[in-house]
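Trainee: Chains as they are written, first to last, in the numbering used here: chain A, 6 to 85; chain Y, 6 to 85; chain S, 1224 to 1452; chain X, 7 to 599. For glycine and all other residues, C-beta sits at the position ideal for the given N, C-alpha and C. Below is one structure. I have some questions about it.
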Amino acid sequence: MKARVHVTLKNGVLDPQGKAIGHSLNRLGFPEVGDVRQGKFIELELDETDKAKAKARLDEMCRKLLANTVIENYSIELVG
Amino acid sequence: MKARVHVTLKNGVLDPQGKAIGHSLNRLGFPEVGDVRQGKFIELELDETDKAKAKARLDEMCRKLLANTVIENYSIELVG
Amino acid sequence: MKAAVLVFPGSNREGDVAQAIELVTGRKPQMVWHGDGDFEKTDLIVVPGGFSYGDYLRCGAMAALSPVMAEVKKRAAQGVPVLAICNGFQIVTEAGLLPGTLMRNAHLKFVCSDVHLKVETSQSLFTNRYQAGQVIRVPVAHAEGNYFADQDTLKRLEDRGQIAFRYCAPDGTVDGTGNPNGSIRNIAGVFNETKTVMGLMPHPENAVEPMFGGSDGKALFEGLVEALT
Amino acid sequence: MSGNGVSVEKNPPVKLPNEPVITPQIVAEHGLSPEEYQRVLAIMGRTPTMVELGIFSAMWSEHCSYKSSKVWLKKLPTKAPWVIQGPGENAGVIDIGDGQAAIFKMESHNHPSYIEPYQGAATGVGGILRDVFTMGARPIANLNALRFGDPAHPKTRHLVSGVVAGIGGYGNCMGIPTVGGETNFHAAYNGNILVNAMTVGIAPTDRIFYAAAAGVGNPLVYVGSKTGRDGIHGATMASTEFSEDSEEKRPTVQVGDPFVEKLLLEACLELMATDVIVAIQDMGAAGLTSSSFEMAAKGGLGVIVELDKVPMRETGMNPYELMLSESQERMLIVLKPGTEEQARKIFEKWELDFAVIGHLTDTERMVLSWHGDIVGNIPIPPLVTEAPVYERPWTLTPLPAVLDAASVPVPKDWRASLLALMSCPDLASKSWIWHQYDHLIMGNTAIRPQDGDAALVRVNGGHKGLAMTSDCTPRYVQAHPETGGRQAVAEAWRNITAVGARPLAVTDNMNFGNPQKPEIMGQFAGAIMGMAEACKVLDFPVVSGNVSLYNETEGRPILPTPTIGAVGVIEDIAKAVGSRLTQAGLGIVLIGE
Ligand SMILES: Nc1ncnc2c1ncn2[C@@H]1O[C@H](COP(=O)(O)OP(=O)(O)O)[C@@H](O)[C@H]1O
């Protein structure tokens, strides 16, 4: 089974990367760009066939390693 | 309008970060994790209402700045 | 030799390289702000180390699109030599002046340490004061120095003698032990086809005085002076 | 301008929409005791507004007011002919000859680093760098003193890797070499790690900048990053009640942006090279509150802050949040009149925010306005003079019984003992840490980590060098605080002299448990007495420092840890000596008792 995890900064947490990207785009001739936020996107191959179980395990992985829940949110998606 | 851009490494390009995450997960007690790839996820606010136009502009942003097309692929999604 | 050192928001080794150039030439290089698309004529352009634009998104990506880099590309095409160090190397690869790319170090950590380099050729502006095969000691300081290029590119680089330096053990053996970041084929620095542009991750500018990290990097600047004066 | 200044003083503040009634619970959540709140009422002569309460709470916090430690800190010697500025400014300043000054300080970021190790440590480095460059110095070196829990504790690995990456991440990007520090492990730090960061900078002695405001009518200018809801003062409930959308406005961890700080450093130094600054102060803990308050108080003046002019990162921010936000990479400057445009140009070149947010008055009051309404109006002098100061009860730790050396068994296998010592985490090589720090940038590092008892950094291309070190052995301090405090100072002194430099001055970081416990207060008092004695004997004044109390988890305190940072000078750096054995055949000599 394949899983996709998105890790994003919580609302209100400063995102220096996103800010810098937004600035650059504006400067490069894209004035229509407003707020920009950058997150992580992680794709994992899982040796697991049970969807519910996979989801529970992924949740644990996110809390333990993939996301820093003090400042980040995460979301999990199972594909195929 | 809001847009979401995913930037991922091309197949065949080594992904040290993904590999390290995979290793760590294995070590932390998730032996079911196989290959891991890490990409970027960028959310942008756009001051643009025309979908086709927005898409074309985003494509340009990706080629110019957001992705390094020598090693990365990108995909664009418009939301709301 | 007249030199120009570029300065981007977030550059931080521009002073180090300016100091090294002053040490060998006796004159201060011209410092060029990233917004200056039009700067005085020079014999050498240096793209220094640092964290241009915070190294956000991808190292060097935003700097590569600055007005000054458009001008650097133009002048490089006319044959003006470009020395690109560390973040500078990342910037010029993003700008397409050199092939390949610099990825996150294989161990994912920033590494600051002396490394040994094997000089691959003495046939260039940048390396004429060294012997091919010579081992020199200079420091590295980076988190994204893991050189990568596809197999075709690598073959082309090797065939045309475009590898400048490789990481090695103190005795010159090129293997995993001397490689600080996982670079493919231990590549530490490369040339463009005409060998007028050189990019390298290590910092020869921080190895120009015996008391401060050794002086193995000094010959690089002396060689440039000799070739360009 | 101050034309409306007079009438402004008479107006009672306007209540903001949804402003809660101040209850004893809200007061307690602001960390004020009932007795302290009575002082607030006496000073104000009325019930404070929420933003006013928040300001008192911040200014009278242990962190800003030093209420438990002040009486003791006075015992430290702070003077010497070479001291230009002792404690009381953003950092200490000493004369190192040739018209140059060394400016340095140490500061803790213990609690934030435990919650979010990368950002906590990174913003700790950012804060101490600002303290030093605010005074006009270009930072030339960083050090850090770290204490973690037992290496076998499940959280330790995560904390160590995050803290080290955060310190490196910030310092490396700023381009300041991190040349030294110390790292120890002990189970007493399992739930409360220590992250103490120190910065040393250099400035010309005639170009040092201070925080005291001057000149009625002079503009108050905000520069740097925008203000967000970062690390808003502990009063969670108060600030959520204050807002319509509590999830959105939750107080959050401060995130550092070293890239912006690098721009801020260059912009400030560029501005300092002109002649337009009257006073300058970084916005550290308690942000806009303490910076504006301190500038006005030190200058004996008043200030009007127009909060709606503050650059904001988020929508819907209110005065309470703006005054208490701990967003990073911000500075407050008082400019000479009419120089605003000249200054603005510099900050805009560096792509930083710049806003005139108020001006100085002669009223000795801090007046806050919000879209034309007065929302806060506090008299400044009594908030300083009437601030609580506690002489907390203390019991000195008695001298432990002397251990009889004969009672310690002689090791059976010397080789095994040596290996056991060398592999214990406290003694093992720390190269895995300092290799992650750029310790060579600037090209002035003459003695690198591990190559000497102190780091040695050349001053601006000349022949002079500065030696620096940080030292403390907490288990000595625990056994007997006075001896431990003395020993820490003596060790720092020895380390400076060991590289051939002359020790000049000290900064310290007092990390202790809950001062309301007499035995903890006794540790603090003992350590101070020991330090004071050693500093006096060695003519080694304390010129800056920081106190971090309440380092406890579930009632269990950390080891008492008075970290000593020291700086010394060597006239000819070529004469320095390291500890690396450079040549075979040389003799080894043991000196001392
Ligand atoms: N342990 C100490 N020893 C000596 N001076 C101290 C100590 N703790 C604090 N100080 C001094 O008290 C003043 C206030 O410290 P602090 O609040 O940390 O400064 P800031 O908030 O401006 O960074 C500083 O000048 C500092 O040098």
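Relative to the alpha-carbon of Ile134(X), which residue among Ile182(X), Gln91(X) and Val373(X) has its alpha-carbon at the smallest distance?
Mentor: Ile182(X)
Trainee: Does the Cβ of Asn24(X) have 16 or more other Cβ atoms within 10 Å, making it buried, or fewer, making it exposed?
Mentor: exposed
Trainee: Going by DSSP, what residues sit across from Leu51(Y) in a beta bridge?
Mentor: Val38(A)
Trainee: Measure from the alpha carbon of Glu68(X) to the alpha carbon of each residue in Gln287(X), Gly471(X), Ala292(X) and Ala349(X), then state which is nearest.
Mentor: Closest by alpha carbon: Ala292(X).
Trainee: Where DSSP assigns a beta bridge to Pro563(X), which residues make up the other side?
Mentor: Glu558(X)
Trainee: Could you tell me whether any Cβ in chain Y is nearer than 8 Å to the Cβ of Lys45(A)?
Mentor: yes
Trainee: Using CA atoms only, rank isn't needed, just tell me which of Thr1419(S), Ile1359(S) and Pro1425(S) is closest to Asp1266(S).
Mentor: Thr1419(S)
Trainee: Compute the Euclidean distance between the alpha carbons of Tyr1370(S) and Ala494(X), then round it to the nearest angstrom.
Mentor: Inter-residue distance for Tyr1370(S) and Ala494(X) is about 46 Å (C-alpha atoms, whole angstroms).
Trainee: By DSSP, does Lys60(A) sit in helix, in strand, or in coil?
Mentor: helix
Trainee: Compare the C-beta of Leu49(A) against all C-beta atoms of chain S and say whether one is closer than 8 Å.
Mentor: no
Trainee: Beta carbon of Leu200(X), beta carbon of Val309(X): below 8 Å?
Mentor: Contact flag unset, no.
Trainee: Find out if the Cβ-Cβ distance for the pair Val549(X), Thr211(X) is shorter than 8 Å.
Mentor: no
Trainee: If you check the beta carbons only, do Pro118(X) and Gln260(X) fall under 8 Å apart?
Mentor: yes
Trainee: Determine, for Ala72(A), whether the minimum Cβ-Cβ distance to residues of chain S falls below 8 Å.
Mentor: No, because no Cβ of chain S sits closer than 8 Å to the Cβ of Ala72(A).
Trainee: Would you mind telling me which residues of chain S sit closer than 7 Å to Val75(Y), beta carbon to beta carbon, in chain order?
Mentor: Thr1324
Trainee: What is the DSSP secondary structure of Ser249(X), reduced to helix, strand or coil?
Mentor: With a pLDDT of only 41 at Ser249(X), under 50, the local geometry of the prediction cannot be trusted, and the value read off the model is given with reservation. In this structure, Ser249(X) counts as coil in the three-state DSSP scheme.
Trainee: What residue range is occupied by the uninterrupted alpha helix (DSSP H) comprising Met301(X)?
Mentor: Met301(X) -> alpha helix (DSSP H) spans Gly293 to Gly305.
Trainee: So which residues on chain S does Ser80(A) lean against when the C-beta distance must stay under 8 Å?
Mentor: Those within 8 Å of Ser80(A) in chain S number zero; the least Cβ separation is about 22 Å.
Trainee: Measure the C-alpha to C-alpha separation of Val27(X) and Ala34(X) and round it to an integer number of angstroms.
Mentor: Val27(X) and Ala34(X): Cα-Cα distance of roughly 14 Å.
Trainee: Using a Cβ-Cβ cutoff of less than 6 Å, which residues in the same chain neighbour Leu462(X) once the five nearest sequence positions on both sides are dropped?
Mentor: Ala452, Ile453, Gly471, Ala473, Val505 and Ala582
Trainee: Against Val14(A), what residues of chain S qualify as contacts under a CB-to-CB distance less than 9 Å, listed in chain order?
Mentor: One point to set straight first is that residue 14(A) is Leu, not Val, in the sequence displayed. By Cβ distance, chain S contributes nothing, its closest Cβ being about 13 Å from Leu14(A), past 9 Å.
Trainee: Mind listing the chain S neighbours of Pro36(A)? Cutoff is C-beta to C-beta under 8 Å, in chain order.
Mentor: By Cβ distance, chain S contributes nothing, its closest Cβ being about 16 Å from Pro36(A), past 8 Å.
Trainee: Residues of chain X with CB under 7 Å from Ala59(A), in chain order?
Mentor: Residues of chain X passing the Cβ test: none, with the nearest at roughly 25 Å.
Trainee: Which residues mark the beginning and the end of the beta strand (DSSP E) in which Pro1362(S) is found?
Mentor: Val1358 to His1365
Trainee: Where does Ala59(Y) land, buried or exposed, given buried means 16+ other C-beta within 10 angstroms?
Mentor: Result: buried.
Trainee: What are the partner residues of Trp1256(S), as DSSP defines its beta bridges?
Mentor: Val1230(S)
Trainee: From Lys315(X) to Gly234(X), what distance separates their C-alpha atoms?
Mentor: Using only the alpha carbons, I get a separation of about 14 Å.
Trainee: Got a sec: is the Cβ-Cβ distance from Gly1277(S) to anything in chain A below 8 Å?
Mentor: yes
Trainee: Out of Asp578(X), Val595(X) and Glu577(X), point me to the one whose CA is closest to Ser585(X)'s CA.
Mentor: Val595(X)
Trainee: Under three-state DSSP, which class holds Gln31(X)?
Mentor: helix
Trainee: I believe Glu48(Y) touches Lys7(Y) by the beta-carbon criterion, under 8 Å. Please report the beta-carbon distance rounded to the nearest angstrom.
Mentor: At roughly 7 Å, the Cβ-Cβ gap stays under 8 Å, so Glu48(Y) and Lys7(Y) are in contact.
Trainee: Within the segment 380–465 of chain X, note down every full beta strand (DSSP E) run reaching 3 residues or more, in order along the chain.
Mentor: 451–453 and 461–464
Trainee: Grab me the residues of Glu250(X)'s own chain with a C-beta within less than 6 Å of its C-beta, minus the 5 sequence neighbours each way, in chain order.
Mentor: At Glu250(X) the pLDDT is 41, less than 50, meaning the model places this residue with poor confidence; the figure from the coordinates comes in the next sentence. No residues qualify anywhere along the chain.
Trainee: Measure from the C-beta of Lys69(Y) to each C-beta in chain A and report whether the shortest distance is under 8 Å.
Mentor: yes
Trainee: Return no unless some Cβ of chain Y is closer than 8 Å to the Cβ of Asn1369(S).
Mentor: yes
Trainee: Between which residues of its own chain and Leu313(X) is the CB-CB distance below 8 Å, once the five residues before and five after are set aside?
Mentor: Pro325, Leu328, Met329, Ile363, Leu374, Ser375, Trp376 and Val381
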